[in-house]
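One structure below.
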Amino acid sequence: MEKRTNKRKWNWAQILAIFVLVTLVISMVYAIVNLITAPSGNVPEGQQTKGDYSLMLMQCVLGVVVLFLPSIISKKMKFVIPNAMYIVFIVFLYCAIYLGEVRSFYYLIPNWDTILHTFSGAMLGGLGFSIVSLLNNDERVTLSMSPVFVALFACSFAVFLGVFWEFYEFAADSFGMNMQKTMLEDGTMLQGHAAVADTMGDLFVDFLGAFVISIVGYFSIRKNKKWMKNFEFKKLDEEKAK
Numbered sequence: 199m200e201k202r203t204n205k206r207k208w209n210w211a212q213i214l215a216i217f218v219l220v221t222l223v224i225s226m227v228y229a230i231v232n233l234i235t236a237p238s239g240n241v242p243e244g245q246q247t248k249g250d251y252s253l254m255l256m257q258c259v260l261g262v263v264v265l266f267l268p269s270i271i272s273k274k275m276k277f278v279i280p281n282a283m284y285i286v287f288i289v290f291l292y293c294a295i296y297l298g299e300v301r302s303f304y305y306l307i308p309n310w311d312t313i314l315h316t317f318s319g320a321m322l323g324g325l326g327f328s329i330v331s332l333l334n335n336d337e338r339v340t341l342s343m344s345p346v347f348v349a350l351f352a353c354s355f356a357v358f359l360g361v362f363w364e365f366y367e368f369a370a371d372s373f374g375m376n377m378q379k380t381m382l383e384d385g386t387m388l389q390g391h392a393a394v395a396d397t398m399g400d401l402f403v404d405f406l407g408a409f410v411i412s413i414v415g416y417f418s419i420r421k422n423k424k425w426m427k428n429f430e431f432k433k434l435d436e437e438k439a440k
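Under our numbering, think of the first position of the sequence shown as 199, with each following residue one higher.
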């Protein structure tokens, strides 16, 4: 009698997801321990306060939730997220939360926040293209969408989520955080134009990243180049048929 072996195939997306999950959980423990012992008032420059560790903890918790979100949504909506897109998403999450907040890259690396916002604009623009592609492959949708409309939707979708993120940062800062970078690391509050420079800069590069990927996506559709194919969602029955 022939034995059947079911070996689970590991892929880079799964490996990276587990690595980031473990990293975030460890960072949560680190943030909780230091939240108890850290000072809450004014501290010497370079020393972190309770507010810093509160932000770190909140971001790590959010990161864990968001890490599982694509899997939950894809199962509920019955579609498959390509490994290429999921890997890009995981790498961004790691750079934004662990490197940015836990390792303080936002302060240590010049323009780290700007780089991530530009990257996220492009990533969300690609997500917009994937959503339209999924709708186009649904027999219940009878609209024929032009390349211009698809590109415009992708860009608008990315910018909308960028604006929503700035709402989140504003709400978090109401509880003593410094996500909008309206104060310096030593606690000095910025005034006037300097106080809104971070938010406006984030929105601008969000748009820039989304605009670039929208142009790429437009010509991909117009010239039938399949440049975005590795980032397109697939219906679950189509994936099983392969």
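The beta carbon of each residue, even a glycine, is placed where N, CA and C say it ideally should be.
Excluding the 5 residues preceding and the 5 following residue 378 in the sequence, name in chain order all residues of the same chain whose CB lies nearer than 7 Å to its CB.
Setting aside the 5 residues that flank it on each side, residue 378 is surrounded in the same chain by 367, 368, 371, 396 and 397, each with a C-beta closer than 7 Å to its C-beta; the list follows chain order.
Report yes if the CB atom of residue 360 is closer than 8 Å to the CB atom of residue 311, and no otherwise.
no
What are the residues that DSSP puts in a beta bridge with residue 278?
BP columns for residue 278 point to 432.
By how many angstroms is the C-alpha of residue 291 removed from the C-alpha of residue 265?
8 Å
So, under 8 Å CB-CB, residue 296 and residue 225 are touching, yes? Tell me the CB distance rounded to an integer number of Å.
6 Å
Assuming residue 431 and residue 328 form a contact by the criterion Cβ under 8 Å, report the distance between their Cβ atoms to the nearest whole angstrom.
5 Å
Pairwise C-alpha distance: residue 402 and residue 387:
23 Å
Helix, strand or coil: which one does DSSP assign to residue 381?
Residue state, collapsed to three classes: strand.
Give the secondary structure of residue 343 by DSSP, where H, G and I count as helix, E and B as strand, and everything else as coil.
Annotated three-state conformation of residue 343 is coil, per DSSP.
In this structure, does DSSP put residue 283 in helix, strand or coil?
helix
Same chain only: Cβ atoms within 7 Å of residue 345, ignoring 5 sequence neighbours per side
416, 419 and 420
Length of the line joining the Cα atoms of residue 303 and residue 309:
9 Å
For residue 387, which residues does DSSP report across the bridge?
As a beta-bridge residue in DSSP terms, residue 387 pairs with 381.
So what does DSSP say about residue 247, is it helix, strand or coil?
coil
Rounded to the nearest angstrom, what separates residue 217 and residue 253 at their Cα positions?
22 Å
What number of angstroms, rounded off, separates the C-alpha of residue 268 from the C-alpha of residue 232?
31 Å
Taking just the CA atoms, how far does residue 343 sit from residue 222?
40 Å
Can you tell me whether DSSP reads residue 229 as helix, strand or coil?
helix
Shortest alpha-carbon distance to residue 249 belongs to which of 429, 319, 229 and 399?
229
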